[in-house]
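Here's the structure, in structure tokens; my notes come after.
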């Protein structure tokens with residue numbers, strides 16, 4: 482897997498996480514005007530671990 486930062490059609494910074502097969506499995510969900518803000522959001526996503534709790538909202 483790898484994180485990628487890119488600019489969208491509006492010139493905003495975004496990040497995405499791609500699997501080894503090239504499929505996008507996560508993204509920033511919003512465009513950032515500032516590159517540093519995008520990096521901060523991407524870094525936050527990178528810092529999650531298997532110890533990060535998850536919740537089943539289907540029940």
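In my numbering, the protein residues as written are 482 to 540. Idealized CB from N, CA, C, for every residue including glycine.
**OP:** Quick one: residues in its chain with C-beta nearer than 7 Å to the C-beta of residue 501, no 5 flanking neighbours on either side, listed in chain order?
**Re:** 482
Subject >> Identity of the residue in 531, 488, 533, 496 nearest residue 523 by Cα >> reply: 496
Original post:
What do you get for residue 509, buried or exposed, if any count of 16 or more other CB atoms within 10 angstroms of its CB means buried?
Top reply: buried
Subject >> For residue 538, three-class secondary structure by DSSP >> reply: coil
Original post:
Are the beta-carbon atoms of residue 494 and residue 513 separated by less than 7 Å?
Top reply: One thing to note: residue 494 has its Cβ within 7 Å of the Cβ of residue 513.
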